[in-house]
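The structure appears right after this line, and notes come after that.
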Amino acid sequence: MTMQQDAVNNPMDIAVTSVTAAQLFSGDVIDVDKESQNGFKARLNLPEYQRPYKWSPSDVEALLSDLEAYFTANTEMIDSQSKHDKPMLYLGSVVLHQVANGSETILNIIDGQQRITTLQLICIAIAAKNGKSYSLPNMQYASPSSHERIAKNYKWLTTQSLPESLVALDLNCINFTVVITQSEDEAYRFFETQNTGGVRLSGPQVIKAHHLRAIPSEIQNNFARKWESFNYLDGVVNRLLKARRWQAFGFKHVPSHRAPEGVKKAIVKEFAENTGGKNEDLAFSRGAQIKSLSGAISLQLVDGYLAKQPLNAGINTVNYLAYFNELYHTLMVEQSQPYLEPFYSFYNEVVLKANNSDFLTELFDIAILLYVSEFGTEHLNEASFWLARCVFSIRLYNEKTVREDSISSFVHKYPLLDWITTAYEHKQLVTMLQSFERDITPDNIGISDRDGKPSNGVKQKFLKGYAKFFNILIAERTGNQIAESFDADLKQGIAYKLAELKEPNIKILQECVA
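At the far end of the sequence shown sits residue 514, using the UniProt record's numbering, and the numbering has no gaps.
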């Protein structure tokens, strides 16, 4: 791309120019102003750490419709006017980071991948139908999901009957604003303040760019591929954000899911802006030093990371997120560990099936992720039962529905997450959880005192599933009767269930010893 050299030699400067798609797509080497004596040529490149190509056929169709509308309306004007007088179709900003690679200048795409890739696909589809040739950049797509999306969208394009106005699509009539900077951080900051026509970055995608830029270039691609393997990162990051902000001292507001931009800003602040600059992979963990009577000292550590620990930019945060992504996958999604089968059963039957509230499920997930990162899985069944008693007291306390703000209000009043992280050992935590008390409201549970008919709402549905799991009889009982005795019955039911789970383990040990 050719522009004034001194405009981009200062890393603090941002150079802005207007180019046509033909100039942007001028092959491996982009040469905008061929008459300039002070310019430079650069190769358009898609860095491996960039997010994958995400557009769907509906997005392709939208761009195709814009192109059709423009070229249909302006065909006669384009044919009759000179090159410099042609009306232009504006497709937004493209943000590029200029880097030197030996004698070659490279322009890494920071924003614009979705539109650039899709426009290339449309050009290729047109060329396949009418033999017209286009000069296109030779960009490499590292992500397998990008390959899948590109193939899917191109296949969709080949099934479409392209309108006559697009058969001779002229890239000289399509305009982009190109922003170039030598500072990658500046490029991303500029991108985040723009309302471009591309797919907006989510919070996790923004922090991905932040942390991969902090990793040495020779291993950057390895961590980029590691990041791409995080299949549940949006949910994990949202849970970790609340785990880190919902604490007794310095309680911080977490924006509602109905305000995605607010959530995004909170994620960026927590997991990017507030991270340290040391090149250290910090892994805080719970540990105990055990001293025997003979004077021998042993050290016990829980492997992994702690949810609320401080983080450094780069490798540290990537590994931290990898740890919790894998933990979430093992506990809540894949559920393939035989020794965790009792926990899976409880999670599926009560937390997912009976509960019917995403807000309560998320709070339970947060509590379990915190617990396992602190104490491991040896006593997970007991911990999950007592944690659930606290979490689902929200359901039994509320008259009907559980709103999003019900969750934050609860953890502000009852610092459940702090109970987990401040307990020295599992038994101490269980004692705290057992001492938790909260009333059960009789509304919308049991049979009615008035007409003898059973309640049939979400609260009653949950209560039935909850009671069934712990063998608690609630049939033919009124709401007041259930409210008076259910918590005592639940405590007893938990004790019986733990005894049932313990017996098979004892038998297995006995068989191994015999």
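We put the CB at the ideal spot given by N, CA and C, even for glycine.
From a predicted model like this one, the values you see are computed outputs, not experimental measurements.
Here the alpha carbons of R239 and F364 stand approximately 10 Å from one another. Residue nearest to E374 within the set V411, K308 and R115 is K308 (criterion: CA-CA distance).
Residue state for R286 is assigned as coil, using DSSP reduced to three classes. Residue burial is scored here from C-beta neighbours: H210 has at least 16 other C-beta atoms within 10 angstroms and is therefore classed as buried. Residue pairing from DSSP places S93 in a beta bridge opposite T177. Judged by their CB atoms, N45 and L119 are not nearer to each other than the 9 Å cut-off. The Cβ atoms of L331 and F346 lie no closer than 9 Å to each other. Excluding its 5 nearest sequence neighbours in each direction, N356 has C-beta neighbours in its own chain below 7 Å: V458, K461 and F462, listed in chain order. Along the segment 383-441, the alpha helix (DSSP H) occurs as fully enclosed runs of 4 or more residues at 393-397, 404-413, 416-422 and 426-435, listed in sequence order. The beta carbons of S165 and T105 sit no closer together than 9 Å. Here DSSP, grouped into helix, strand and coil, assigns D111 to strand. Classified as exposed, L293 has fewer than 16 neighbouring CB atoms from the shown chains inside 10 Å of its CB. The shortest C-alpha to C-alpha distance from R395 to any of N444, P255 and P204 is the one to N444. Rounded to whole angstroms, A214 and A296 show a C-alpha spacing of 42 Å. Counting every other CB atom within 10 Å of its CB across the protein chains shown gives Q140 a total below 16, marking it as exposed. N175 and T422 have their C-alpha atoms roughly 58 Å apart. By the neighbour-count criterion, in which 16 or more other beta carbons inside 10 Å mark a residue as buried, V333 falls on the exposed side. DSSP places P137 in the coil class of the three-state scheme, outside both helix and strand. The closest CA to that of A100, considering only G235, S161 and Q182, is found on Q182. By the neighbour-count criterion, in which 16 or more other beta carbons inside 10 Å mark a residue as buried, A248 falls on the exposed side. Q98 is bridged by DSSP to L107. Between the segment 269-289 and the segment 392-409, the count of Cβ pairs shorter than 8 Å is below three; the stretches do not touch.
When the beta-carbon positions are compared, F25 and Y134 come within less than 9 Å of each other.
Around the C-beta of I447, 16 or more other C-beta atoms lie within 10 Å, and the residue is accordingly described as buried. In the displayed model, P52 falls within coil according to three-state DSSP, outside both helix and strand.
Distance between Q481 and K226, taken at the CA atoms: about 54 Å. As DSSP reads the structure, R43 sits in a beta bridge with I106.
The C-beta distance from F486 to V350 rounds to 14 Å, too long to meet the 8 Å contact threshold. The beta-carbon distance between R438 and S393, rounded to whole angstroms, is 4 Å. This is short enough to meet the 8 Å contact definition.
Contact annotation: Y323 and L311 have beta-carbon atoms that are not nearer than 9 Å. Our two residues, A142 and E48, have alpha carbons roughly 6 Å apart in a direct line. When DSSP states are grouped into helix, strand and coil, T17 belongs to the strand group.
For K278, no alpha helix (DSSP H) segment is defined, and its DSSP state is neither H nor E. Sorting A467, R51, T177 and A42 by C-alpha distance to the C-alpha of T17 places T177 at the top.
Taking each of W55, T117, A168 and K132 in turn and checking the Cα distance to Y70, the smallest one comes out for A168.
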